[in-house]
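Residue numbering for the sequence shown follows the working numbering, beginning at -3 and increasing consecutively.
Scroll down for the structure; my scribbles are underneath it.
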Amino acid sequence: MDLEEFRKHGYDAVDRIYNYYKQLQENPGEIAVQPKVKPGYLSTLGDVPPQHGIPFDSIQNEFKDVVLKGLNHWQHPSTFHYFPSNTSFESMITEMTIASINNPGFSWHSNPSSELELVVMDWIAGLFGFSETFYHSKNTSGGGIIQPSSSEGILVAIIAARERILRAENTRDQSKLIIYASTQTHSSAAKAARVFNLQLRILDVDEDLSLRGETVMKAINEDRQNGLVPFVVIATIGTTSTGAIDKIDEIGRVCQSESLYLHIDSAWAGTHLACPELRDELMLDGINEFADSINIVVMFVRDIKSVTDALTITPAYLRNQMTDSGAVLDMKDCGIGLGRHFSSPKLYFMLKSYGVEGFRAHIRKSIGLGERFRRYIEADEVFEVLYKPRLSLTVFRLGGTGDLNSLNRTFYNNLSIHSDKLSLTHTVVNGLYCVRRRKTDALYTQLSMGIFDTIKGIFGGDSKPSSEDNKSVMQPPANELEPPKDTPITVDELKEHDGSNDKPIYVAIKGTVFDVTKKKEMYGSGQSYNIFAGKDGSRGLGMSSLNPEDAVSDYSTLSEKELSVLDARNIPKIVLTRPLMPEIMSKFTQSSRPVNLVNWKEDKPAPREWLLENSKDADALLVMLSDKVDKELLDVAGSKLKAVSTMSVGYDHCDLAQLKQRGIKLSNTPDLLTSATAETAALLYLAATRRAAESIKFVERGEWPQVGWGPLLMAGQLSENKTLGFLGFGRIAQATMHRLAAFGIRNVIYTDSGRTDKAERDAELSRKYDINIKRVDLDALAHQSDAVILLAAMSPDMKHIVGRDFLQKMKKTAVDTDALNEAINEGIIAGAGLDVIEGEPHIDANHPVVKNDKIFLLPHIGSSTVETRYAMADLTVTNAIKGAFGEEMQAQVKL
């Protein structure tokens, strides 16, 4: 397309937009609010683009006739669902202008015009009545910044809050951090917690659905007592379901006194701050840290430095004089992305065109529409308004007695049948099923008010028309619809279902509805089912009062008995021998593919009898180090068993020969515990060299006062200038060496089973840690080492690698399970520190190693840190699910 063609088609595009909006204003009934299309309706566009370009007119026409046929018309005067996706003619023209510039504007140097963002943010701060703290031009700490969405605004707020607390605590460990939100908080808070792998605590609200300060304070005290670190509260002005407003003043005081960040999500209600008379209701005086009004996707921050400190990364190719001077704010440092849409002109044109009073008039008109609709609802005895009305949002339902939830589900389902004429959304709050009506587009004032007539027509009640706008013929009211009938349907009929959504199939088990329309593998085999057929063509299995709106895709919580309703052979069975952390257990229930989880419930090892009893026909076993995976267990499990996932690095508890013979995959959890195990190895080394076990037992036996002080009482060995030997020199050994370097270790020798030359790697490590590193054979390791640290996976080929012969060759001042005990008793070596012992965990107090004062013994806790165990559990569950479906697992052991 050349410049002249651009001009021609540009005019044509404006004409098409004009015609669309003119039709919405004058003949909206000719445009269906929601389309009647099926998934895959765009398959007619083909699998590949054309080899050669086609005329732009043809593309425009195809887009209008084919693609837009599936458009849900959010600008339609009868659209009242979700929250508005507002636009304006000013915005449309500005979008074209911005597209013509196409400047990423990630820094002032790349686009000095990005400074416009600071100007319009100050305009909005004034429009909303914010204090000078939120003005860029006042040279204060805060100000406004544009974010791509409210969800990203929450991400940025949490990043800033997280980095502040981690820096204050001088740590990078975020495992104890916890976020607070309420039962009414938008789902983007939960998503943010998942993105950052942070804990989220959901707090209860009061009778007005508001989060209170005292609730937050109570949670802070409880969590701090449990060792957690609260660091941010996500409060809301205008919740999604009902428009509820949290007690910002109370929460703000708590956050200020307890040094927590406060992020206030006002994604749709925030723009109402432009009207001074609404500010008291919105209670924004309590803002402490963050307030974002994401209707125009802006975020106000009390301290921008908290954001830029967390997000500033400036490689050499982005450095420039203005950035280095600190005189400018680079927008790349205020959000997650580097490239940035130059969106501030949209605000500039809109605010200039509307003016302050025009913008306020727009908001007041939308609120007036909501109040007018609310009066109609309140005046009609058939309906009731639930919860305190907020701004332009009304939450209502059919009143009366009896099962009102079922009645309102039927009511909403019938509203949905007429989605071509209007569109609303439902919600469930405190167990009450209700309908939401929300509208802010004041362009269609009278047109939009026809909604009440439409709703009354669908319900079938008598009403005096409030306008002449919606007199279309409606389907008979709900009380005249023929109720669903139970109809037998055979397996063959189920299997012939084409997977389309025009006749969805729902399965009901214990009142929970499962959508199995596209899951043909879920359909039963060899028996008939009781199916109801609704008048709209929907079908359900199990009961005749199904509500498709309750359909979920999670099959994982069903027991074997419940699953027998379906074809259990097609849902893999996973046996878990010990409950894991709740966040990890949820991976089973949230899996996109259903699994039948059979797990031991008590927080102790599963009895062998339970494991044998429940492993029959399992597809995967998730076991612990204490669970023996041997021929007996594998015989019981049977031929369906595809995989064993062990929550351990070692796998000597698994019969590798039997697994290989049966073609069963095995996965473990290496590479996750380097730091944790290295710390334990350093602990054992220091405990052995400084005679910690002897000293502890010396005190416990009460010998200290009787013996008194002596010049060599419990004298150990200094690490300084000693030669440290490693049997195995992989990641964990290197991490251990790094930690012990601080104690003056200057010579390291090692033996490993590798056949490749490691000289280059060793030279690099020597330079890095200022330690002399040399590879030697096993005999030299024994003769030359002052202490030997053995770090190896628990596998059969490593058994008894250190025996009496090796120990006799060691220096008498050295450190490092029958031969070890004998060597210590005979004075061949000075002492030992152990985390692994042969025969564990069946070790009692009379075991010779336990009784030996010179052996510092730990109960196999080398990897036992919170962070490591969470990571191990997460990988183990992921592998169990993959293995159950016959897929390759991570860290799969080569058999």
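Glycine residues also receive a C-beta, built at the ideal position from the N, C-alpha and C atoms.
Everything numeric in this text was worked out from a predicted model, so none of it was measured.
Point to revise | Distance, Ser147 Cα to Val303 Cα | key: Using only the alpha carbons, I get a separation of about 16 Å.
Exercise for review: To the nearest angstrom, report how far apart Asp550 and Thr585 are at their CA atoms.
Suggested key: With a pLDDT of 46 at Asp550, under the threshold of 50, the modelled position of this residue cannot be trusted, and the question is left open.
Review point. Exposed or buried, what is Gly101 when buried is set at 16 or more other beta-carbons lying within 10 Å of its beta-carbon?
Key: buried
Review point. Span of the beta strand (DSSP E) holding Met295?
Key: Run containing Met295: Val294 to Val297, per the beta strand (DSSP E) assignment.
Review point. Helix, strand or coil for Leu382 per DSSP?
Key: In this structure, Leu382 counts as coil in the three-state DSSP scheme.
**Study point:** From Gln195, Ala231, Asn217 and Val250, residue whose alpha carbon lies closest to that of Gly209
**Key:** Val250
Exercise for review: State yes or no: is the beta carbon of Arg190 nearer than 9 Å to at least one beta carbon in chain C?
Suggested key: In the structure shown, chain C does not exist; there is a single protein chain.
Practice item. Could you please give the first and the last residue of the uninterrupted beta strand (DSSP E) stretch that includes Tyr176? Key: In the DSSP annotation of this structure, the continuous segment of the beta strand (DSSP E) that includes Tyr176 starts and ends at Leu173 to Ser178.
Review point. So what does Ala616 bridge to, in DSSP terms?
Key: Ile570 and Ala639
Exercise for review: With DSSP as the reference, label His105 as helix, strand or coil.
Suggested key: coil
Review point. Are the segment 171 to 188 and the segment 352 to 368 in contact at 8 Å, needing three or more beta carbon pairs?
Key: no
**Study point:** Delimiting residues of the beta strand (DSSP E) encompassing Ser663
**Key:** Lys661 to Ser663
Review point. How many Å lie between Leu334 and Val228 at the Cα?
Key: 25 Å
Check your understanding: Could you give the residue range of the alpha helix (DSSP H) that holds Gly209?
Key -> Per DSSP, Gly209 belongs to the alpha helix (DSSP H) from Gly209 to Gln221.
Point to revise | Buried or exposed (CB count within 10 angstroms, at least 16 for buried), Tyr746 | key: buried
**Study point:** C-alpha gap between Asn23 and Leu112, whole angstroms
**Key:** 40 Å
Point to revise | 8 Å contact criterion, which Gly122 and Val294 should meet: CB distance rounded | key: That pair is no contact at about 13 Å.
Exercise for review: Would you tell me roughly how many angstroms separate the C-alpha atoms of Glu716 and Arg742, rounded to the nearest one?
Suggested key: 7 Å
**Study point:** Nearest-angstrom beta carbon gap, Leu382 and Leu420 [assumed within contact, 8 Å]
**Key:** No, Leu420 and Leu382 are not in contact; Cβ-Cβ is about 14 Å, not under 8 Å.
Exercise for review: Going by CA-CA distance only, name the one from Ala614, Ala270, Asn875 and Lys890 that's closest to Phe126.
Suggested key: Ala270
**Study point:** 8 Å contact criterion, which Gln730 and Leu761 should meet: CB distance rounded
**Key:** That belief holds up - the Cβ atoms of Gln730 and Leu761 are roughly 7 Å apart, short of 8 Å.
Practice item. Could you check if Leu41 is buried or exposed, using at least 16 other CB atoms within 10 Å of its CB as the buried criterion? Key: exposed
Check your understanding: Who are the near neighbours of Met710 in its chain, counting only those whose CB is closer than 7 Å to its CB and skipping five residues on each side?
Key -> Arg687, Glu690, Ser691 and Phe694
Point to revise | Neighbour-count burial assignment, Met643, 16 or more Cβ in a 10 Å radius | key: Flag for Met643 reads buried.
Review point. Can the beta-carbon of Leu655 be found less than 9 Å from the beta-carbon of Leu871?
Key: no
Check your understanding: If we count the other Cβ atoms within 10 Å of its Cβ and call it buried at 16 or more, is Val469 buried or exposed?
Key -> With a pLDDT of 28 at Val469, under the threshold of 50, the modelled position of that residue is not reliable, and no figure is offered here.
Review point. What are the partner residues of Thr747, as DSSP defines its beta bridges?
Key: Beta-bridge pairing links Thr747 to Leu723.
**Study point:** Limits of the unbroken beta strand (DSSP E) element including Asn592
**Key:** Asn592 to Asn595 is the span of the beta strand (DSSP E), which, as asked, contains Asn592.
Check your understanding: For the candidate residues Ile142, Lys627 and Gly712, whose alpha-carbon lies nearest to that of Ser340?
Key -> Ile142
Check your understanding: Among Ser582, Pro578 and Lys597, which residue has its Cα nearest to the Cα of Leu572?
Key -> Lys597
Check your understanding: Does the distance from the CB of Asp232 to the CB of Ser178 come in under 9 Å?
Key -> According to the sequence provided, residue 232 is Thr. The question's Asp does not apply to it. Yes, the pair counts as a contact, with Cβ atoms nearer than the cut-off.
Point to revise | Span of the alpha helix (DSSP H), counted from its first residue to its last, around Leu903 | key: Residue 903 is absent from the model: the chain starts at -3 and stops at 891.
Check your understanding: Whose C-alpha, out of Arg298, Asn595, Val845 and Leu720, is nearest the C-alpha of Lys134?
Key -> Arg298
Review point. Applying the criterion that 16 or more other CB atoms from any shown protein chain within 10 Å of the CB defines a buried residue, is His259 buried or exposed?
Key: His259 is buried by the Cβ-count criterion.
Check your understanding: Looking at Thr238 and Gln180, is the spacing between their C-beta atoms short of 9 Å?
Key -> At a Cβ-Cβ threshold of 9 Å, Gln180 and Thr238 count as neighbours.
Exercise for review: Using a threshold of 9 Å, state whether the C-beta atoms of Thr406 and Ser671 are closer than that.
Suggested key: no
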